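The structure under discussion appears below in the form of structure tokens.
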Amino acid sequence: MVGLDQLLVDTMDFEKSVNRIKTDVLTDFILAPHYSVVYTYSSGELIECTKNLLRSGQYMPGLPIKIDIPKASGLTRPGAILKPIDRIVYQALVDAISVHAEAQLDRSCVFSHVLLTDDPEFKMFKLSNECWQDLREALNAKGREENLEYAVRTDVSCCFERIYQHNLINLLRSSGCDSRVVNLLERLLLAFTENDSHGILQGMFPSDFLGNFYLASIDDGLKVEDVPFIRYVDDIYMFYHSELEAKKGLVRLCRMLRDEGLNLNESKTDIIPTSELIAEETEIDRLFHAARQEISDTELELPVETPYGFETIWASYGDILPAEEIELRAVKELYEMVSRTTSEAAKIERFCLPYLLRAGDRIAVERSLNGIVLRPHLSRMYCNYLLPFAQTDTEISRRLESIILSEELPYDWSLIWPIAALIDADSVSVDTTNQAIRIIEDSRRTVGLRGVATHLVGKHGNAGQRRLLRHIYDREPSEYVRAAILFSAKYFPINERNSCLRAWGTHSTTNSLIANAMRTGAE
83 MVGLDQLLVD
93 TMDFEKSVNR
103 IKTDVLTDFI
113 LAPHYSVVYT
123 YSSGELIECT
133 KNLLRSGQYM
143 PGLPIKIDIP
153 KASGLTRPGA
163 ILKPIDRIVY
173 QALVDAISVH
183 AEAQLDRSCV
193 FSHVLLTDDP
203 EFKMFKLSNE
213 CWQDLREALN
223 AKGREENLEY
233 AVRTDVSCCF
243 ERIYQHNLIN
253 LLRSSGCDSR
263 VVNLLERLLL
273 AFTENDSHGI
283 LQGMFPSDFL
293 GNFYLASIDD
303 GLKVEDVPFI
313 RYVDDIYMFY
323 HSELEAKKGL
333 VRLCRMLRDE
343 GLNLNESKTD
353 IIPTSELIAE
363 ETEIDRLFHA
373 ARQEISDTEL
383 ELPVETPYGF
393 ETIWASYGDI
403 LPAEEIELRA
413 VKELYEMVSR
423 TTSEAAKIER
433 FCLPYLLRAG
443 DRIAVERSLN
453 GIVLRPHLSR
463 MYCNYLLPFA
473 QTDTEISRRL
483 ESIILSEELP
493 YDWSLIWPIA
503 ALIDADSVSV
513 DTTNQAIRII
523 EDSRRTVGLR
533 GVATHLVGKH
543 GNAGQRRLLR
553 HIYDREPSEY
563 VRAAILFSAK
573 YFPINERNSC
583 LRAWGTHSTT
593 NSLIANAMRT
603 GAE
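Residue numbers (the working numbering): 83 to 605.
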């Protein structure tokens, strides 16, 4: 068990950290409404509980909830979320050291995860589309320098998974960060990886910040060698006078990365003429420009903007406007290009789908329904778009149900999102809720999927199925799934719900926070 000096705890801004978490959860790799409700309705209790544990030295980090996230290739990468207390500690510790660490990054060369000094909306970082635009302008500027004829274009392989925590901690200490905070952060990172000193969790603001900061030593090494470079997280571009110098520079970069426990991705590393980085404007580029201009002219904005595009679910995007009130001609013209390109299709969809949804346009319904199975790595994006339509359109909800029943999705992560999209549907068949119960009881399934399935049964299950869900709680070994079952009781008749709150609300600190949030939210 560990803690922090009481005076230090009192100076930390836990309210800001909770508010940043409330933004961050909208793009979590695992949908956990039973955790999100704590940040919304029980944040005061969460903060006090966290402070007391830190002051008394009784804080003990728990294990993260993990899941494999599919890539377009069919391979996977790890994603994770944390229990509420662990998450607020992680966020608060990084918030406490972020200003000192940020000062070590040269923002004329590093364009990713730019820390906001003024953050009234609790987004933590500058909008990613602005960062990407800055990156593109910087690349264009390098391309116009006549003496920089060649560029080395690289990508670090599995960067977050291979970060050596000891090197990260030493870099933070040497940056002037408070050693007390850094020491606890070191214990936290080690606990999250079960005492494996390599890797940090992916998919949360603090990890985004630390992963970007970890390569500061590479930045400094390139500056010492007077190499012009540009970096966006683990994508590094270096510029040289000749091809020979570029080859020598690539050798030195490999050596520097090995010193940090990292290697380059061979398939994404090459040496090219710098002019090739400045691609001529394509038809798709022009359509993107027209679509952005149209959105700007109509002032059709989204409350949430993420580096991964439209990948939130159950987020508040405002009222869906009737299609006749706003016609996004340029956006639709861009979207229609998905059938004519393979390499740019996902980029087009990530851009277009949130605005098509906001405008109530169903042009993407059929492709999105088919895409859940055909392109499972984009399942969250498709279900996010389909969510409001599935609430009232029986045909769409039935097709989502058929995906769940067919068992065609090989990834638990991909199945989370069609289940989530059906929770607020008008109705769901008994066959689908029975399938959800089978998922909950299948210990081979990840707890992230099993937890979401409890909400579907709680909302749409009949009396007998809800009773089965209550019995599952008694024999369920996972604290995460038990907490999800507790929260699913929000859908039960009031007497049954109150009985569950009394029976399970004190079984763990997390359950206590959830029960308090449920009572507060019902008032």
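Every residue gets a Cβ at the ideal spot worked out from N, C-alpha and C, and that includes glycine.
Please read all numbers here as calculations on a predicted model, not as lab measurements.
- For secondary structure counted as the beta strand (DSSP E) over 3 or more consecutive residues, the region 148-199 holds these complete runs in sequence order: 158-163.
- Around the beta carbon of glutamate 483, 16 or more other beta carbons sit within 10 angstroms, so the residue counts as buried.
- Contact annotation: arginine 262 and glutamine 173 have beta-carbon atoms that are not nearer than 8 angstroms.
- Going by C-alpha positions, leucine 253 is about 15 angstroms away from glycine 281.
- When rounded, the separation of the alpha-carbon atoms in alanine 566 and aspartate 506 is 17 angstroms.
- For alanine 233, the secondary structure class from DSSP, reduced to helix, strand or coil, is strand.
- In the same chain as glutamate 415, and ignoring 5 residues on each side of it, the C-beta atoms closer than 8 angstroms to its own belong to Leu369, Ala372, Ala373, in chain order.
- One thing to note: tyrosine 467 has its Cβ no nearer than 8 angstroms to the Cβ of alanine 441.
- Ranked by Cα distance from alanine 545, the options Val563, Glu561, Pro575 are led by Pro575.
- Per DSSP, the beta bridge partners of histidine 280 are Tyr246.
- A distance below 7 angstroms between beta-carbons, with the five flanking residues on each side excluded, links aspartate 260 to the following residues of its chain, in chain order: Ala178, Ile179.
- Pairing cysteine 240 with threonine 474, the inter-Cα distance amounts to about 42 angstroms.
- The beta carbon of serine 138 sits closer than 7 angstroms to those of Gly85, all from its chain and outside the five residues before and after it, given in chain order.
- In the three-state reduction of the DSSP assignment, tyrosine 573 falls in the helix class, which pools H, G and I.
- Only exposed fits methionine 83, as fewer than 16 other CB atoms lie within 10 angstroms of its CB.
- A direct Cα-to-Cα measurement between glutamine 140 and leucine 157 gives close to 40 angstroms.
- Boundaries of the alpha helix (DSSP H) harbouring methionine 463: 461-474, taken from the DSSP string.
- Looking from the CA of serine 99, the closest CA among Asp201, Ile478, Asp341, Asn577 belongs to Asp201.
- In the structure shown, the three-state DSSP call for leucine 410 is coil.
- By the C-beta density criterion, valine 512 is exposed, having fewer than 16 other C-beta atoms within 10 angstroms.
- One alpha carbon belongs to arginine 313, the other to valine 529, and they sit about 36 angstroms apart.
- The secondary-structure analysis by DSSP pairs leucine 346 across a beta bridge with Val238.
- Counted as a single uninterrupted DSSP element, the stretch harbouring proline 355 is not any alpha helix (DSSP H) but the beta strand (DSSP E) occupying residues 352-355.
- Boundaries of the beta strand (DSSP E) harbouring isoleucine 318: 317-322, taken from the DSSP string.
- The three-state secondary structure of arginine 444, taken from DSSP, is coil.
- Contact holds between the region 586-605 and the region 113-120, because three or more Cβ pairs, one in each stretch, are under 8 angstroms apart.
- Straight-line measurement puts the Cα of threonine 351 at about 12 angstroms from the Cα of alanine 328.
- Pairwise C-beta distances place the region 149-165 out of contact with the region 198-213, as fewer than three of them are shorter than 8 angstroms.
- If you compare the alpha carbons of Asn211, Leu175, Thr132, Ile167 with that of arginine 432, the shortest gap goes to Asn211.
- Bridge pairing for phenylalanine 207: Leu197 [DSSP].
- Counting C-beta atoms within 10 angstroms of its own C-beta, methionine 463 has 16 or more neighbours from the protein chains shown and is therefore classed as buried.
- For secondary structure counted as the alpha helix (DSSP H) over 4 or more consecutive residues, the region 470-532 holds these complete runs in sequence order: 476-488, 494-504, 512-523.
- Per DSSP, the unbroken alpha helix (DSSP H) holding phenylalanine 295 starts and ends at 287-296.
- Around the CB of aspartate 443, 16 or more other CB atoms lie within 10 Å, so the residue is classed as buried.
- In the structure shown, isoleucine 300 adopts helical secondary structure according to DSSP, grouped into three states.
- With distances taken between CA atoms, threonine 236 lies nearest to Ile354 out of Arg549, Gly533, Ile354, Tyr417.
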